[in-house]
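In this note's numbering, the protein residues as written are 122 to 599. Each residue gets a CB set at the ideal place from its N, CA and C atoms; glycine is no exception. It should be emphasised that the depicted structure is a prediction, and the values quoted were computed from it without experimental measurement. One structure is given here, and the rest of the page talks about it.
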């Protein structure tokens, strides 16, 4: 008698009777569907303010990820090694629901703010991406997933190139009104922000470089080398702390790995291409004011000649206040914000301001936080509309503080516990450059999360790779 689901017709048999290898291939297809759909849907935002479209891409892939996560447990294919991480993920989702207790806006907490879409449902989808990433089965499937991400990175770089040139291509970051600097033409790709773009490219840069060093196939090495150079150059040109520091640290880390594992002679030529990309990126930053006719304070005659500069503060408030209208506008002098003012041109000052306020919110709501995606609301002091309260923000650019501030310290503890398992198992990756590349990508992202926060356009890639990372160690009982 053939198996059926819940005593239904035999049409349902394809699930229970699906071979394990087919299950792995379906998991890969679901993850790649996000890699394909998200940039396609996000391109709409570059031409029209339809903020719900990227969230639709996440929802479509996320629902399929939920289905196949459930199938894995139902078919008893999910390995026992995933039970503890899966339990932690379930606890994180449960606690995100508990954090709704203190939410200022329940709808936003469930579905995310307009243009953000990082509510409770997004966390559910992230967890399912993690579970599918851990159940790809073979290195061939893992390589295909990585290649899909690298092609996505190249597409982001190609789109970014059009944004970086003074061609009038649609971009939210051609001007940075919060910092009163115009015609800067920063790239954001299809991620929504230069910081989000930098976080994605820095994460993907490490496996791309290891592939360029150690891949045995010549065509593959050319592909990886191209990715490395493009990712490094574009990350630098985002002119934010994550892009510049992350690209430099990742290239150094990849070079150290190559030396320790005695990479073949051609690897040093690949290093040269990545280093050259960084140098070109720095030079481009220095001369771009002259190329772009950059000017200050709205006065086209007050031009900037040249010089290296980072614009983290201007990017943050351009994204939240001007692009999404999800926070107050930045004002330095004469600010009525009870938390005082800060210099948006100073990176230390900007990050200290955000982290200090996030710390106060954690102190007020240590258990449940302000509610998922509700960080701006406990900062309101003049109007119920976020835009009416200057110097407020909807993202604390430190993922760990942001989690604690929005969903409480228990959520941060659960997240760190999950990361403990990811790092503990991932570091036992053996001599495979593919495994080492995935592990290094996760570590690079975790370090950059100290000065950045993700979005639905790039965070799912981290969760997928974290899932892959946790499956690199095969438990003895399997």
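Notebook entry, point to check: Run through DSSP, which three-state label would residue 412 get?
Noted result: Under the three-state reduction of DSSP output, residue 412 falls in the helix class.
Notebook entry, point to check: Among 355, 495 and 140, which one has its Cα closest to the Cα of residue 397?
Noted result: Minimum Cα distance to residue 397 is reached at 355.
Next item on the list: Could you give the DSSP three-state label for residue 297: helix, strand or coil?
Entry: Strand, per DSSP.
Check: Is residue 424 helix, strand or coil when you go by DSSP?
Finding: Residue state, collapsed to three classes: strand.
Checklist line | Nearest residue (CA-CA) to residue 342, options 311, 303, 309 and 392 | finding: Comparing Cα positions, the closest option is 392.
Next item on the list: Tell me whether residue 141 sits in a helix, a strand or coil according to DSSP, three-state version.
Entry: The three-state secondary structure of residue 141, taken from DSSP, is helix.
Item checked: Coarse secondary structure for residue 486, derived from DSSP in three states -> The answer is coil: DSSP assigns residue 486 none of H, G, I, E or B.
Item checked: For residue 320, three-class secondary structure by DSSP -> For residue 320, the three-state secondary structure derived from DSSP is helix.
Notebook entry, point to check: Can you find at least 3 beta carbon pairs, one from the segment 446 to 456 and one from the segment 314 to 332, that sit closer than 8 angstroms?
Noted result: When C-beta atoms of the segment 446 to 456 are compared with those of the segment 314 to 332, fewer than three pairs fall below 8 angstroms, so the two segments do not count as touching.
Notebook entry, point to check: What do you get for residue 383, buried or exposed, if any count of 16 or more other CB atoms within 10 angstroms of its CB means buried?
Noted result: Within a 10 Å sphere around the beta-carbon of residue 383 sit fewer than 16 other beta-carbons, which makes this residue exposed.
Checklist line | Three-way DSSP call (helix, strand, coil) for residue 302 in this model | finding: Strand.
Check: How do the segment 279 to 298 and the segment 241 to 259 stand: do at least 3 beta-carbon pairs fall below 8 angstroms, yes or no?
Finding: A contact between stretches requires three or more CB pairs, one per stretch, nearer than 8 angstroms, and the segment 279 to 298 fails this requirement with the segment 241 to 259.
Notebook entry, point to check: Are the beta-carbon atoms of residue 319 and residue 269 separated by less than 8 angstroms?
Noted result: Against a cut-off of 8 angstroms, the Cβ pair of residue 269 and residue 319 comes out as no contact.
Checklist line | At least 3 beta-carbon pairs within less than 8 angstroms: the segment 416 to 424 vs the segment 371 to 382 | finding: No: fewer than three Cβ pairs fall under 8 angstroms.
Notebook entry, point to check: Should residue 171 go down as buried or exposed, given a rule of 16 or more other Cβ atoms within 10 Å for buried?
Noted result: Exposed is the call here.
Note to self: For residue 435, would you say it is in contact with chain C, using Cβ-to-Cβ distances shorter than 8 angstroms as the test?
What the structure shows: Checking the listed chains, one finds no chain C in this structure; it contains a single protein chain.
Check: Thinking C-beta only, is residue 416 closer than 8 angstroms to residue 303?
Finding: For the 8 angstroms CB-CB criterion, residue 303 and residue 416 form a contact.
Note to self: For the pair the segment 356 to 363 and the segment 574 to 587, tell me if three or more CB-CB distances fall below 8 angstroms.
What the structure shows: As far as the Cβ criterion goes, the segment 356 to 363 does not touch the segment 574 to 587, which means the pair count is below three.
Check: So residue 115 packs on residue 533, CB below 8 angstroms; how close in whole Å?
Finding: Past the boundaries of the shown model lies residue 115; the chain is included only from 122 to 599, so the question cannot be answered.
Margin query: Quick check: the Cα distance between residue 138 and residue 278, rounded to an integer number of angstroms?
Written below: CA-CA distance, residue 138 to residue 278, rounds to 42 angstroms.
Notebook entry, point to check: For residue 417, which residues does DSSP report across the bridge?
Noted result: Answer is 302, bridged to residue 417.
Margin query: With the cut-off set at 8 angstroms, would you say residue 231 and residue 241 are in Cβ contact?
Written below: Taking 8 angstroms as the Cβ cut-off, residue 231 and residue 241 qualify as a contacting pair.
Notebook entry, point to check: Are residue 553 and residue 223 close, meaning C-beta to C-beta below 8 angstroms?
Noted result: No. Outside cutoff.
Checklist line | First and last residue of the uninterrupted alpha helix (DSSP H) at residue 517 | finding: Counting along the chain, residue 517 sits inside no alpha helix (DSSP H), nor does DSSP assign it H or E at all.
Checklist line | Closest by C-alpha distance to residue 516, when choosing among 477, 199, 173 and 485 | finding: 477 is the residue among 477, 199, 173 and 485 whose C-alpha sits nearest the C-alpha of residue 516.
Checklist line | Candidates 190, 290, 178 and 244: closest to residue 493 by CA position | finding: Ranking 190, 290, 178 and 244 by Cα distance to residue 493 puts 244 first.
Next item on the list: Could you tell me if residue 507 is buried or exposed, where buried requires 16 or more neighbouring beta carbons within 10 angstroms of its beta carbon?
Entry: Residue burial annotation: residue 507 is buried, with at least 16 other C-beta atoms found within 10 angstroms of its C-beta.
Note to self: To the nearest angstrom, how far is the alpha carbon of residue 444 from that of residue 293?
What the structure shows: Whole-angstrom Cα-Cα distance: 7 angstroms.
Next item on the list: Please classify residue 445: does DSSP put it in a helix, a strand, or coil?
Entry: Three-state result, residue 445: coil.
Item checked: Straight-line gap, residue 161 to residue 324 (C-alpha atoms, nearest Å) -> Residue 161 and residue 324: Cα-Cα distance of roughly 21 angstroms.
Check: What is the DSSP secondary structure of residue 550, counted as helix, strand or coil?
Finding: The DSSP-derived three-state label of residue 550 is coil.
Note to self: Can you find the residues in the same chain that come closer than 6 angstroms, C-beta to C-beta, to residue 470, ignoring five residues on each side of it along the sequence?
What the structure shows: Once the five neighbours on either side are set aside, the close Cβ partners of residue 470 are 463 and 464.
Next item on the list: Identify, in the order they occur along the chain, each residue of the same chain with its Cβ nearer than 8 angstroms to the Cβ of residue 226, setting aside the five sequence neighbours on each side.
Entry: 492, 495 and 498.
Check: What distance in whole Å lies between the Cβ atoms of residue 189 and residue 147, which are believed to be in contact at a cut-off of 8 angstroms?
Finding: The Cβ separation is near 6 angstroms, so the contact holds.
Checklist line | residue 198, DSSP secondary structure in three states | finding: Here residue 198 sits in coil by DSSP.
Item checked: Distance between residue 592 and residue 201 (C-alpha atoms, nearest Å) -> Answer to the nearest angstrom: the Cα atoms are 11 angstroms apart.
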